[in-house]
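The sequence shown lines up with residues 1 to 269 when you count with full-length UniProt numbering.
Glycine included, each C-beta is placed from N, C-alpha and C at the ideal position.
To start, the structure itself, in structure tokens.
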Amino acid sequence: MKVISIVGYHKSGKTTLVERLVGELAKQGAVGTVKHTREEILPLSGDTERHLNAGASVTIGVTATRSVEIVRQVDVEKAVERLADQGMDFAVVEGFKQSALPKIAVGDVEAKNVVARVDINVPAKELVKIVMEQPEYVTLDSLIAKIKRSPGYREAGAIGTFTGVVREMADNERTEALEFESFDAVAQERIKAIEDDLKKREGILDVIIYHKTGRIEAGQDIVFIVILSGHRQELFPALKDAIERVKAEVPIWKKEKTVSGDYWVHDIH
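Right, dumping it as structure tokens:
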């Protein structure tokens, strides 16, 4: 999923820009949006309010033409994650100037991680180009949604996944975070080669492998493997071989950051 935030001063025209961008992106895939808004204008009333007050974490109001999902205490990053989990191809966020999301700024507004500055008359196709230049935002559920769109899905009898996480405690040592570095082009080439090799196996219909780089905090996900197969018998050996080959063949290096110091680790998982 590609993610972009549109930020600007009040009445700068950012909502108009969002509308134009969403219209163009919708021609290429599913679009989800997130809006920075005031709590008092959210549609909370009557029984919906009573559900939340009773302790519900999520409540969904459904009408004949639309539904509204209200979730307790979700920040913008979690909202974007929910869109990815639902299989969106694009997420367009309006507002949240201080978030870590990549941003298109309207005018001279101050914001973090601005990747482009535009005026309100910028062509929509130029906005789309900026969006396409952003890195992919990936979750396990987004990869499962993607593999379910595979041409081979009608023949599938199983989907298997592997998720590697940052282990916080090992041998009485607490890890705060891991930092991963890679030769991006080579790493992607090796990952694709592993995917292609596994897809040649009898019964393996599709394979997706994704490995994060940069700093990853304790408890967070590192690597995802999703395999589509005709039967479970072919699935589990392919999953095991996939992660072992990623460890052995993909040029990714890990620095472990613990409470006692930092050091490089040869075994990346």
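query	result
Distance, Y210 Cα to A248 Cα	15 Å
Completely contained beta strand (DSSP E) runs for the stretch 109-153, where each covers 3 or more residues	114-118
Residue environment, L25, which counts as buried when at least 16 other CB atoms sit within 10 Å	buried
Within 8 Å, strictly: CB atoms of K254 and E176	no
Straight-line gap, H269 to I227 (C-alpha atoms, nearest Å)	In this prediction, H269 has a pLDDT of 43, which is less than 50 and means its spatial position is unreliable; nothing more can be read from the coordinates.
Outcome for V223 when other beta-carbon atoms lying within 10 angstroms are tallied against a minimum of 16	buried
Outcome for F236 when other beta-carbon atoms lying within 10 angstroms are tallied against a minimum of 16	exposed
Three-state class that DSSP yields for D206 in the structure shown	strand
Opposing strand residues paired with Q211 [DSSP bridges]	The question names Gln, yet the displayed sequence has His at residue 211. According to DSSP, which records beta bridges pairwise, H211 is partnered with V223.
For D47, three-class secondary structure by DSSP	helix
Distance CB(I225)-CB(F162) smaller than 8 Å	yes
Closest Cα partner of A30 within the set V92, E155 and Y9	V92
Supposed close pair S150, D206 - CB separation, criterion 8 Å	4 Å
Alpha-carbon spacing of D75 relative to V34, whole angstroms	10 Å
Inter-residue Cα distance where the pair is L52 and E69	12 Å
Cut-off 7 Å between Cβ atoms - residues of its own chain near A156, not counting five sequence neighbours on either side	L205, L228, S229 and G230
Exposed unless 16 or more other CB atoms sit within 10 angstroms - verdict on F96	buried
Separation of R72 from K129, as counted between CA atoms	34 Å
Spatially closest choice to A84 from K199, T16, Y137 and R117, by CA coordinates	Y137
Burial state of T16, where buried means 16 or more other Cβ atoms lie within 10 Å	exposed
Residue from E217, P251, A242 and D241 whose Cα sits closest to the Cα of Q188	P251
Three-state class that DSSP yields for E168 in the structure shown	coil
Close beta carbons around V109, own chain, < 8 Å, minus the five adjacent residues each side	V7, G8, Y9, S12 and K97
I268 (DSSP reduced to helix, strand or coil)	Its pLDDT being 44, under 50, I268 is placed unreliably by the model, and the measurement read from it follows with that caveat. In this structure, I268 counts as coil in the three-state DSSP scheme.
6 Å CB neighbourhood of Q220 in its chain, flanking five on each side removed	V166
Inter-residue spacing [alpha-carbon to alpha-carbon] between T59 and D197	44 Å
Proximity below 8 Å, CB of D118 to CB of K103	Strictly speaking, residue 118 in this sequence is Val, with Asp absent from that position. Contact flag unset, no.
Three-way DSSP call (helix, strand, coil) for A177 in this model	strand
Contacts around I243, its chain only, beta-carbon distance under 8 Å, and the 5 residues preceding and following it disregarded	F162, G164, V223, I225 and H269
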